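Scroll down for the structure; my scribbles are underneath it.
Residue numbers (our numbering): -15 to 165.
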């Protein structure tokens, strides 16, 4: 698609999801689809601006390829992205970081331990930010040529705070609970 288009898509989804979570909007299939449409709208706006400005950006060239070759250009582009991610998965240390991030999101969503429920309870806005950021990482993985590297790098900004908060809650948790009483 083009330089930084995947970043715009990922950020759009993550920011909009964060806003929905902060306002305690109940997520359903319809709202998830709307998030996808919002990302498509952002890309369409960028594409329109590229075409109007006469820019020779990657996105502009991608749109031209779609106009010339039809929807097959989209399939070819995503096939290339998948192939690049598979190649990076076989050769990159970032895969381990991504797997750790995916494991954490799985714990967050599917089987939150008492500890993670405590984090969500004590720091609800921060926890919602972690969830939105992890969704952004997953979207990054799907839409970038080097999605494994980009998603892994982004997951560091979630993993480190979660580890620090966890350590603080374990070490100082009893002290803080006594102060609250």
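Using N, Cα and C, we set each Cβ at its ideal position, and we do this for glycine too.
Source: prediction; values computed, not measured.
Distance from the CA of residue 124 to the CA of residue 98, rounded to the nearest whole angstrom, comes to 29 Å. Under the three-state reduction of DSSP output, residue 10 falls in the coil class, being neither helix nor strand. Here residue 141 carries a helix assignment [DSSP, helix/strand/coil]. Ranked by Cα distance from residue 104, the first of 34, 153 and 54 is 153. Taking residue 106 as the centre and dropping the five residues before and after it, the same chain places no C-beta closer than 7 Å to its C-beta. The beta carbon of residue 84 sits closer than 7 Å to those of 143, all from its chain and outside the five residues before and after it, given in chain order. In the three-state reduction of the DSSP assignment, residue 37 falls in the helix class. In the structure shown, residue 95 adopts coil according to DSSP, grouped into three states.
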